[in-house]
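Engineer: The structure under discussion is supplied below as structure tokens; questions concerning it will follow.
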Amino acid sequence: MNTMKGNSFPFSSIKPIFAWSVQYDHPEIGVKNDRLGDRFFLYKNDMSYKFREIEARWQKFWAENQTFKAENTSDKEKFYVLDMFPYPSGAGLHVGHPLGYIASDIYARYKRHKGFNVLHPQGYDSFGLPAEQYAIQTGQHPAITTEENIKTYRRQLDQLGFSFDWSREVRTSDPKYYKWTQWVFIQLFNSWYNYTSDKAEAIADLIAIFEKQGNAEVQAACDEDTPIFTAADWSAYTEKTRQEILLKYRLTYLADTEVNWCPALGTVLANDEIVNGVSERGGHPVIRKKMTQWSMRITAYAQRLLDGLDKIDWPQPLRDAQTNWIGRSVGAEVIFKIKETSETIPVFTTRPDTIFGASFMTLAPEHELVEKITTEEQKEEVGAYIEATAKRSERDRMADVNQITGAFTGAYAEHPFTKEAVPIWIGDYVLAGYGTGAVMSVPCGDQRDYDFAKHFNIPIPNIFEGVDISKEAFADKEQTVIANSDFLNGLNYKEATQKVIAELEKLGQGKGKINYRLRDAVFSRQRYWGEPFPVYYVDGMPQMISEEHLPLVLPEVEKYLPTETGEPPLGNATHWAWDSVNNKVVSNELVALSGVEGSDKGNGIYPLELNTMPGWAGSSQYFNRYMDPHNEEAIFSEEAINYWRQVDLYIGGIEHATGHLLYSRFWQKFMFDIGLVPVDEYAKKLINQGMILGTSAFVYSLYLPFGLNFKDNRSKATREDLESYSSFFDGTVFIPKSIYDDRYDLSNDQKAKLSHFVDELINEYQRLNPNHIVHKTFDFLDQFERNVHPVRVDVSLVNSSDELNIDGIKNWHKDFWQAKFMPENNKYVVGREIEKMSKSKYNVVNPDAICKEYGADSLRLYEMFLGPLEQAKPWNTAGITGVHSFLKKLWKLYHSGPDASFEVSEAKPSAEAYKSLHKTIKKVEEDIENFSFNTSVSTFMICVNELSAQKCNAKEILEPLAIVISPYAPHVAEELWSLLGHKTSISTASFPEFNSQFLVESSKEYPISFNGKMRFTMELPLDMSKEDIEAAVMANQRTQEQLQGRSPKKVIVVPGKIVNIVG
RNA sequence: GCUCGAGUGGUGGAAUUGGUAGACACGUUGGACUUAAAAUCCAAUGGCCAUUAUGGCCGUGCGGGUUCAAGUCCCGCCUCGAGUACCA
């Protein structure tokens, strides 16, 4: 919270010569001011640190001189520093956003000082949902909102003094940019994945293979239902069939995908938009529905995405997240024959060694064979079960894991070895989307199978030697010795697995297999504000618009909601058909005139795709596009990509671990395969900056029954209100137990306050209802939940003493004020909670105010000073005065002249001054290389404190010092640099060379410890021998005092470090 | 449940390869300057004990261990945070 402390003068550049102020609740004047207070000053100009003026001047200078423009050719070595580009939301930047940008900016500036040609671009991920939702509500075109938001972002970024090369700005929603997103999509469409060469290849090559030999020998990533065909079959197929088959191989393909469909809203919902099976907004029913959607065959790259992680310097948690997400598991596919039919069921298992323990099989309810194999007697039960599970969303299914449900199909499979009948069940613990959607259930070795068997009374044969399975399954494969398993008896897990796979292969009923959890990525969204697909449909088959006619620009629509027939918003466009003869977008009406849709006799006008691409489309190639952002002929030139190659340092949040950071690696690998980029990992090193957390404020509002439902704007219950409740409200006031336990982490003071408030209400009630007996009860927690609850309020409306700005609240949230029975005059109980900083949590802190009050350099230093970059940390402005006064001290060092005017001395600096400077150079250099920016800030403070104490004003010290500080506080550094007489930007200066000779010491303050505990220190020459040190220490009187006459057992002397005496 | 990360003063956090725990800052207290305040400067500030000085004891989530020496290494726990979840 802002306090009255610190440099809070409205005009920093002028210093008060006379001033008086009115304090809060001034005892004499009796004036109560609001928090910011009113101050009246008379000012005179002086030479103090005028950060506002300085920062504005240099920001202007950098912009006018394009100081940070990077060239694609240079004698210097290149270095590419990248930030994750922001989504320009309407809320603007909060103090959490710049954290990573400040770190990367420091690094980029440092690398420039170190003589690198640095590429440090910035842009906007400007397609996205918030702008679209705003458009739905207001009718405002998302492009306009987006443009406005970008302006705000740009202003906010500029005021922080980042060294971005803005000439390379990209925006994903700019047709000039998304032209190339569409272009990559076409390349993906025209490619397939060849497992033999282990890379993506042209679809034309695949066609050539099909023409020659069919697909039997082709090892490719393809749909599971791809039929096997010969060359003769291929030539006999119709064009449409061929296209259908090719679609099963393309890296981007159309497929029926199961989605959460909300008919009332006419859109697909993400899992977290559904609560208890109904939509979060509106409470409409949601069903699981198959929809034809574009998908990306990212699974083809599963292994390479895994292997690539070893080649890049990314944080371990992030690599772990991707590894888990890809979820490689090694096992076997086993094919079970179904008795009395010709059908087979393949299952995937990681424990083929336990096959003799398989006492049943379980299929996912959605499994396609379920209908075929279910017997007449079981039809009803199975049908009912499937219907019941279909109603439950995936999320619900996951939520009640403990509930065991299933149904018997009546069918039996044949065990591959024993040939015994294995009953086939269905159960929703088996997921349709993983493996084959079917499992062989081995209850003795898998807890889920065990629970299922117990629940349905299925036998649980034990196939492990000497293990008790009467209570639970035994899943420790390392401890397994197989028994009751024919040829596997006595073998351990490894041997048995090998053997059983060999036997299965002999039978032709299985093989070793590696399975991945990773699923193909759905690439369609039923949204307006995204990249249109460069796709039109002829006879239901997708056709690509040829590359030279890109971009296919997003059409205008009347409204941004789905159409009445449930089509995506683009279905509202009147001009959204493709004239394949003239290669342009034309009116939809012309499609109807083309006669038979798709027929050659028509006019060649076809419907365009109505879905748009997801958010991660544009962010999957932006880092490469920055290298050559204005190229209209190609996504980037060969020279540019070969010069910059890859990102050397990428800074961004870990929340993108399994989204953007995985998809973009996939795109890069694909682009590598088709020869567009020289490396298949685009970011050599990645750092995750920790989140800056916000402190949310809650008001614990008491919500007694009689406080509800005021019809007018009254904030206080009347006698009538209270009496109207008397019939069912017997006077029991439910005192929240929570006041007294720690659920809401209330302080004693808050508890007392809330408790007092309750008492007051009871008194009020009793005054009005004297016949009622009122008693407090602690028993009705759920009543409390309903009656007293924390209500979020904007943090800016609560001061540091937990006082509410009541007028502010009234304006801020009308409903909040009106709906609740609240006490008058600040008798609120305010609670606080640290959580993610977010507009929806009303806990954002805007950097603008801090910039205004302390300046960008202070904010930059402070954000770094908060703690290690990678660590999550709550925002708290309390300490910012520290870094701000550091900057003032720094400024003073260079202003030793009369009236604090600029003055530095040409005189030779002292040895101490050299030492202070070179210590700092060394430490800061190490810190930046290690991304330990917080410790650099304290190093600067130490240095400036030392130089101030030495009264050092030597140019020879202060000039290099400005350079060392400039990556962190670039504005003040530029100003000092120019005061030192330089005409060019400090960013062109070389980082000072560290010279160790200034740090050479002749003696050392040795810590003398006894049994490892330091007792005193002794100053001894560093060139003293071990023996002499020992002698000197032993001769010291204080050593003898410590020993008290005992002779030491041992004396450890580590020259230059420590002396330890063991007594 | 699984995976990863973290536990150090009133607070944020320092502590290279094991070698003076608490750097640097915030806050607090006292002082200087001032009619008064702000700003600035100085001093103290892990806890407990002692105080005439030199001091003493305990301390990095808990319990063990290795070592001359452990915040740091090893073993076993506890707590918190993040991610992920019926993945066969």
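By the numbering used here, the letter at position 482 of the first sequence is numbered 490, and the numbering carries on one by one without gaps. The beta carbon of each residue, even a glycine, is placed where N, CA and C say it ideally should be.
(1) With DSSP as the reference, label R840 as helix, strand or coil.
(2) From the DSSP output, in three-state form, read off W985 for me.
(3) Following the continuous alpha helix (DSSP H) through N202, name the residue where it begins and the one where it ends.
(4) Mind checking who N125 pairs with in its DSSP beta bridge?
(5) Whose C-alpha, out of K677, H121, K297 and G98, is nearest the C-alpha of I973?
(6) Quick check on H903: does DSSP put it in helix, strand or coil?
(7) Helix, strand or coil: which one does DSSP assign to S1011?
(8) Note down, one range per segment and in chain order, each beta strand (DSSP E) of at least 3 residues found wholly within the stretch 620-700.
(9) Taking 8 Å as the threshold, find out whether the stretch 125-135 comes into contact with the stretch 86-101 through three or more Cβ pairs.
(10) Once you ignore the five residues that flank K521 on each side, which residues in its own chain have a CB closer than 7 Å to its CB?
(11) In whole angstroms, what is the alpha-carbon distance linking T426 and W433?
(12) Which value, in whole angstroms, describes the spacing of the CA atoms of A111 and A308?
(13) Spatial neighbours of S337 within its chain, please: CB distance less than 8 Å, with the 5 preceding and 5 following residues excluded, ordered by chain position.
(14) Are Y437 and F460 touching if we call contact CB-CB under 9 Å?
(15) For E1009, does the count of other Cβ atoms within 10 angstroms reach 16, so buried, or fall short, so exposed?
(16) Using the beta-carbon count (16 or more within 10 Å), is K847 buried or exposed?
(17) For E914, which of helix, strand or coil comes out of DSSP?
(18) Just to confirm the assignment, what range does the beta strand (DSSP E) spanning W269 have?
(19) At which residues does the alpha helix (DSSP H) containing Q164 begin and terminate?
(20) Mind reading off the beta-carbon distance from A625 to D636? Whole number of angstroms is fine, and I expect it under 8 Å.
(21) Roughly how many angstroms lie between the CA atoms of W584 and K592, to the nearest whole one?
(22) Do you know how far the Cα of G667 is from the Cα of L313?
(23) So, at 6 Å on beta carbons, what are the nonlocal neighbours of P975 in its own chain, with the 5 sequence-adjacent residues on each side left out?
(24) Sorted by chain position, which residues of the same chain lie with C-beta nearer than 8 Å to L262's C-beta, five sequence neighbours on each side aside?
(25) In angstroms, rounded to a whole number, what distance separates the CA positions of N619 and E871?
(26) Is the CB-CB distance between T362 and C230 below 9 Å?
(27) Can you tell me the Cα-Cα spacing of Y902 and N961, whole angstroms?
(28) Tell me which same chain residues have a C-beta within less than 6 Å of the C-beta of L898, skipping the five on either side of it?
(29) Please classify Y442: does DSSP put it in a helix, a strand, or coil?
(30) Tell me whether I152 is buried or exposed, calling it buried when 16 or more other Cβ atoms sit within 10 Å of its Cβ.
(31) According to DSSP, is E376 part of a helix, a strand, or is it coil?
(32) Using CA atoms only, rank isn't needed, just tell me which of T1025, P1029, F1024 and F1018 is closest to V1059.
(33) Would the beta-carbon of T413 fall within 9 Å of that of G441?
(34) Between K13 and the rest of its own chain, which residues show a CB-CB distance below 8 Å, the 5 nearest in sequence each way excluded?
(35) Have a look at G136, K959, S904 and V546 and flag the residue whose alpha-carbon is nearest the alpha-carbon of Y95.
(36) To which residues does DSSP link Q551 through a beta bridge?
Structural biologist: Straight from the coordinates:
(1) strand
(2) Helix.
(3) It is not in any alpha helix (DSSP H) - N202 instead sits in the beta strand (DSSP E) that spans S199 to N202.
(4) K86
(5) H121
(6) DSSP places H903 in strand when its eight states are reduced to three.
(7) strand
(8) 657-660 and 694-696
(9) These segments touch.
(10) Excluding residues within five positions, the ones whose Cβ falls inside 7 Å are G339, A340, E341 and F356.
(11) 19 Å
(12) 36 Å
(13) T358, I522, N523, Y524 and R525
(14) With respect to F460, Y437 sits close: the two C-beta atoms are nearer than 9 Å.
(15) exposed
(16) exposed
(17) DSSP, read as helix, strand or coil, puts E914 in coil.
(18) T260 to C270
(19) Element bounds for Q164: P150 to D166.
(20) About 19 Å; that fails the 8 Å criterion.
(21) 10 Å
(22) 13 Å
(23) Within the same chain, Cβ atoms closer than 6 Å to the Cβ of P975 are found at I114, R117 and Y118, the five residues on either side in sequence being excluded.
(24) L255, T300, Q301, W302, S303 and P550
(25) 41 Å
(26) no
(27) 6 Å
(28) Excluding sequence positions up to five before and after L898, its CB lies within less than 6 Å of the CB of V952, all in the same chain and listed in chain order.
(29) coil
(30) exposed
(31) coil
(32) Looking at the Cα atoms, F1018 is the closest of the given residues.
(33) no
(34) At K13 the pLDDT is 27, less than 50, meaning the model places this residue with poor confidence; the figure from the coordinates comes in the next sentence. Around K13, the same chain offers T889 as residues with beta carbons nearer than 8 Å, after the five sequence neighbours per side are excluded.
(35) If we check each option's Cα against that of Y95, G136 comes out closest.
(36) Y544
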